[in-house]
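Asker:
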Amino acid sequence: MCFSQTYSTIYTKGGKAIEVIIRPEMSKEEIQQYDEQCRKTFSKATMLSSSSTTYNCHSYTWNLSDGGKTKCWINPITALGRPNIDNYWTNDYYSETTEANAKKIFYYESDHTAIVSETVPGMYESKWGAMPLMRHSPSFGPYLNMDKRKYYNHTDSGSGEKPNVTVQYGVIQCSNGNGEIGVNIAADYYADMPTQAYTSMSCYIETSKGDDAVEKGYAIINEKTGNSVNVTFSRAGIYEMLLRFYNQSNQLVGEFTYEPIVTE
Numbered sequence: 355m356c357f358s359q360t361y362s363t364i365y366t367k368g369g370k371a372i373e374v375i376i377r378p379e380m381s382k383e384e385i386q387q388y389d390e391q392c393r394k395t396f397s398k399a400t401m402l403s404s405s406s407t408t409y410n411c412h413s414y415t416w417n418l419s420d421g422g423k424t425k426c427w428i429n430p431i432t433a434l435g436r437p438n439i440d441n442y443w444t445n446d447y448y449s450e451t452t453e454a455n456a457k458k459i460f461y462y463e464s465d466h467t468a469i470v471s472e473t474v475p476g477m478y479e480s481k482w483g484a485m486p487l488m489r490h491s492p493s494f495g496p497y498l499n500m501d502k503r504k505y506y507n508h509t510d511s512g513s514g515e516k517p518n519v520t521v522q523y524g525v526i527q528c529s530n531g532n533g534e535i536g537v538n539i540a541a542d543y544y545a546d547m548p549t550q551a552y553t554s555m556s557c558y559i560e561t562s563k564g565d566d567a568v569e570k571g572y573a574i575i576n577e578k579t580g581n582s583v584n585v586t587f588s589r590a591g592i593y594e595m596l597l598r599f600y601n602q603s604n605q606l607v608g609e610f611t612y613e614p615i616v617t618e
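FYI, in the numbering used here the residues of the sequence shown are 355 to 618.
What follows is the structure, encoded as structure tokens:
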């Protein structure tokens, strides 16, 4: 099985960047082979969806099962060796809890994650590498040390359920006009977001290849104030800018995008 892959970025509910890999699907023959092998070897588990190289356990658990739209592969660490899936539960939306209250499970010595089944009590559901999405008992599967688990859920800091919110979408405005801008020219980029609607804002800037432009040094965030950021681009190119706004319950309430075209 040989295929090309590209890197991209998705975000946690708390706005942290997650490095992901976009992979093509394997052939129908390979899918059938993996499915049949899994049925024979793990007859005590139930196959929920066929084998696929486009997503893995971490993507299913933390991304797709939470409504994510990007089918992707998520590794525990980034290509540069930095923590990756830890971002989902480190000062973010999810935090560690007890087994009884768990929604998501991390097999910390197996590089594997799962969710608690919503349809069959006492069972978990997880994607087994490139093999199928399976429903299984907590300690059953193709991995070693499946008895070593940590449990995660989201717990409100206050009482009661979080209210439903309407997310406001829009286009980022630029103080230099919404045309081209030269390198090394600072400009304000701002969203038409009422100040009373949010308590925090996050800014993300990517290159046309999906790389983090700030990390690469191609974009410098000089200042973040209220609903705006002051940015200088040091390299020509087409970029993707994203401003996300969150309320005091860390719910997304606003998302604004813009495509700066930077020229020499």
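For glycine and all other residues, C-beta sits at the position ideal for the given N, C-alpha and C. Bear in mind the structure is a predicted one, so any value in this text is a computation, not a measurement.
1. Tell me whether the beta-carbon of I506 lies closer than 8 Å to the beta-carbon of H466.
2. According to the neighbour-count rule (16 or more other Cβ atoms, all chains shown, within 10 Å of its Cβ), is T553 buried or exposed?
3. Pull up the DSSP beta-bridge partners for D542, would you.
4. Start and end of the alpha helix (DSSP H) containing Q391?
5. Does DSSP classify A567 as helix, strand or coil?
6. Expressed to the nearest angstrom, what Euclidean distance is found between the alpha-carbon atoms of S358 and E384?
7. Determine the closest residue to R393 out of T452, L487 and G368, with distance taken between C-alpha atoms.
8. Quick one, which of E594, R589, N499 and E479 has its alpha-carbon nearest V525's?
9. Going by beta carbon distance, what residues of the same chain come within less than 8 Å of G536, once the five residues before and after it are set aside?
10. Thinking just about the alpha-carbon of each residue, which of Y414, S464, F396 and N576 is nearest to the one in Y442?
11. Is it buried or exposed, S511, if we count other Cβ atoms within 10 angstroms and call 16 or more buried?
12. Return the chain-ordered list of same chain residues with a C-beta closer than 6 Å to the C-beta of C528, the five sequence neighbours on each side being excluded.
13. What's the call for V470, buried or exposed, on a 16-neighbour Cβ count within 10 Å?
14. Run the CB neighbour count on V474, radius 10 Å, all protein chains shown included, and call it buried at 16 or more, exposed below.
15. Three-state secondary structure (DSSP) at H508?
16. Using a Cβ distance threshold of 8 Å, determine whether the region 367 to 386 contacts the region 430 to 445, with at least three qualifying pairs required.
17. Could you have a look at P550 and say whether DSSP puts it in helix, strand or coil?
18. Pick out whichever of G421, H412 and S381 has its Cα sitting closest to the Cα of S405.
19. Could you give the DSSP three-state label for T351: helix, strand or coil?
Answerer: In terms of the structure at hand:
1. In the sequence as displayed, the identity of residue 506 is Tyr instead of Ile. No, they are not a contact pair.
2. exposed
3. N584
4. K382 to T395
5. helix
6. 16 Å
7. L487
8. E594
9. V616, T617 and E618
10. Y414
11. Residue placement at S511 is poorly supported in this model, since its pLDDT is 48, which falls under 50; the coordinates still yield a value, given next. Classification for S511: exposed.
12. A541 and Y543
13. buried
14. exposed
15. coil
16. yes
17. Sequence inspection shows Gln at residue 550; the Pro mentioned does not correspond to that position. The answer is helix: DSSP assigns Q550 an H, G or I state.
18. S381
19. Any question about residue 351 goes unanswered here, given that the chain covers just 355 to 618.
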